[in-house]
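Worksheet: the structure to be examined is printed underneath.
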Amino acid sequence: MESLLNLVTDYWPIVICAIVVIAAFQWIMRSLFRLFAMMAVIGVILVLVFHFSPEQVIDMGRTAVQTTQDAVQKTVVPILESELKDADILFHDDGSYEVKTANIRITGKKGESKATVYYKENKWEVDIGVLGDMFKEKLNKAEPSQTTL
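Going by this note's numbering, the first residue of the sequence shown is number 6, and it counts up by one from there.
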């Protein structure tokens with residue numbers, strides 16, 4: 006018991022990190038379980054009470070996901086593309102970049118898949134692939150022109 010206590014006192018930062026990781030993992034798993042349980046209950050109610058077939062319930066879920074993706078493609082992507090047309094792009098010596106428009110500021114590091122999007126007082130970490138091919142093309146076109154000056 007004393008050797009275990011000595012081990013914990015010697016490596017207390019690692020022990021604290023392990024406890025935090027375990028707690029975070031447990032919280033994520035519990036949240037996912039609740040979400041899946043809620044979806045299962047809704048599916049069972051639709052099948053047993055409203056007499057939908059299981060295939061119809063699955064199709065409803067797929068339709069909801071597709072509708073959400075279509076809404077993003079029809080609203081967010083055109084707004085982002087219109088903003089990026091007049092964007093100013095600055096490259097820094099450390100390999101980072103900053104894209105500024107009238108309403109949006111995007112910062113990231115060249116070669117990384119993550120970027121930070123700022124809109125008013127809000128801040129989001131996003132995957133660059135979500136921002137679209139136009140964003141990647143604009144970065145690639147702006148970088149050579151910036152380095153030749």
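Even for Gly, the Cβ is constructed at its ideal location relative to N, Cα and C.
{"Check": "K128, enclosing beta strand (DSSP E) - first and last residue", "Outcome": "127-132"}
{"Check": "Reduced DSSP secondary structure (H/G/I, E/B, other) of K105", "Outcome": "strand"}
{"Check": "contact_flag[the stretch 49-59, the stretch 101-109] where n(CB pairs < 8 Å) is 3 or more", "Outcome": "no"}
{"Check": "C-alpha gap between F41 and I94, whole angstroms", "Outcome": "43 Å"}
{"Check": "Reduced DSSP category for A92 - H, G, I as helix; E, B as strand; rest coil", "Outcome": "coil"}
{"Check": "Beta-carbon proximity list for G116, same chain, < 8 Å, skipping 5 on both sides", "Outcome": "G100"}
{"Check": "Whole-angstrom distance between I63 and T72, CA atom to CA atom", "Outcome": "14 Å"}
{"Check": "Where the beta strand (DSSP E) containing V46 begins and where it ends", "Outcome": "That residue, V46, is in no beta strand (DSSP E); its alpha helix (DSSP H) goes 17-53."}
{"Check": "Outcome for G113 when other beta-carbon atoms lying within 10 angstroms are tallied against a minimum of 16", "Outcome": "buried"}
{"Check": "Classification of A120 by the beta-carbon crowding that lies within 10 angstroms, buried from 16 upward", "Outcome": "buried"}
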